[in-house]
Structures are given as structure tokens and as C-alpha cells.
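In full-length UniProt numbering, the protein residues as written are 1 to 121.
We put the CB at the ideal spot given by N, CA and C, even for glycine.
Step one of this worksheet: look at the structure below.
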């Protein structure tokens with residue numbers, strides 16, 4: 001798949017709430033995940049490798065009590081990169097109900113996502 005196809009599939013699965021399937025289908029084994037500056041440490045910080053990205057996702061979801069709403073924009077694609085705007089309004093064990101919005105940027109190499117980076121305030 002090319003970058004546009006990867007981006008479209010990501011959005012399709014994201015909108016269906018199939019986040020683990022996104023990782024299984026679209027991520028390379030050596031992918032990296034980079035959090036926003038100031039949020040790069042701790043259990044949900046920067047990680048390397050698909051197994052660590054999966055664990056990071058599990059830890060995030062383990063903190064979620066209820067998802068009230070979420071959305072994902074259409075992708076913007078440029079070369080080997082694509083970006084998405086996303087938001088989630090959820091109630092968390094650790095911080096109560098909190099809406100969050102972010103921009104996520106992804107790099108594709110050889111038909112797989114190899115880099116994800118998140119920007120939020």
C-alpha cells in the first residue's frame with residue numbers, strides 16, 4: 001500500500017474504534033511513538049518497537065472508564081508522511097472526564113507506519 005492507502009485505512013479503522021487492528025495491520029515492527037514535548041516520560045511516553053507501542057495503547061485504554069465521543073479527520077498526505085486531527089472525550093480513572101484533541105503525524109516506509117508523533121497542549 002502507498003501512503004494514501006495506509007492513511008485511508010488508518011482513518012477507516014480509527015473511526016470504527018479498531019485501534020489494535022491499526023497496529024496489527026499498518027505498523028512496522030521497528031516503529032517508534034513520540035509524545036508531545038513535555039509528555040515524553042512515564043508509562044505513556046516515547047517508545048520504540050511495535051510491542052512497546054501495543055503496551056502503550058493498552059495502558060492508555062486501561063485508564064479509560066468510558067468514551068463519550070471521539071473523531072478522526074480525513075488525512076492530509078505529503079510524500080511518505082500523513083497527518084490527522086483527532087479528539088477523544090473520555091472519563092479516565094486517573095483524571096476524571098477530560099476532552100483531549102491532538103494532531104498526529106505518521107511516516108510510512110515500505111507500506112508500513114514507522115513513526116508516529118503526537119502534538120497536543
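Whole-angstrom distance between residue j and residue i, CA atom to CA atom
{"i": "residue 115", "j": "residue 82", "result": "11 angstroms"}
{"i": "residue 10", "j": "residue 93", "result": "27 angstroms"}
{"i": "residue 57", "j": "residue 5", "result": "23 angstroms"}
{"i": "residue 128", "j": "residue 47", "result": "Because the chain in this structure spans residues 1 to 121, residue 128 falls outside the shown range and cannot be described."}
{"i": "residue 62", "j": "residue 32", "result": "21 angstroms"}
{"i": "residue 70", "j": "residue 49", "result": "26 angstroms"}
{"i": "residue 23", "j": "residue 16", "result": "14 angstroms"}
Where the alpha helix (DSSP H) containing residue i begins and where it ends
{"i": "residue 52", "result": "50-63"}
Residues near residue i by beta carbon distance below 7 angstroms, same chain, minus five either side
{"i": "residue 60", "result": "44"}
{"i": "residue 102", "result": "86, 118, 119, 120"}
{"i": "residue 21", "result": "13"}
Segment limits, beta strand (DSSP E) that includes residue i
{"i": "residue 31", "result": "27-34"}
{"i": "residue 92", "result": "81-92"}
{"i": "residue 104", "result": "96-109"}
Among the options, the one whose alpha carbon lies nearest that of residue i
{"i": "residue 51", "options": "36, 71, 28", "result": "28"}
{"i": "residue 112", "options": "25, 19, 57", "result": "25"}
{"i": "residue 98", "options": "89, 49, 73", "result": "89"}
{"i": "residue 36", "options": "100, 110, 67, 108", "result": "100"}
{"i": "residue 66", "options": "104, 91, 17", "result": "91"}
Same chain only: Cβ atoms within 6 angstroms of residue i, ignoring 5 sequence neighbours per side
{"i": "residue 106", "result": "82, 113, 116"}
{"i": "residue 108", "result": "3, 6, 80"}
Distance cut-off 7 angstroms: residue i Cβ against heavy atoms of the ligand HEM
{"i": "residue 72", "result": "This structure simply doesn't include the ligand HEM, nor any ligand for that matter."}
Chain-order list of residues whose beta-carbon lies under 8 angstroms from that of residue i (same chain, five-residue window excluded)
{"i": "residue 1", "result": "9, 111"}
{"i": "residue 75", "result": "4, 7, 8, 10, 11, 82, 83, 84"}
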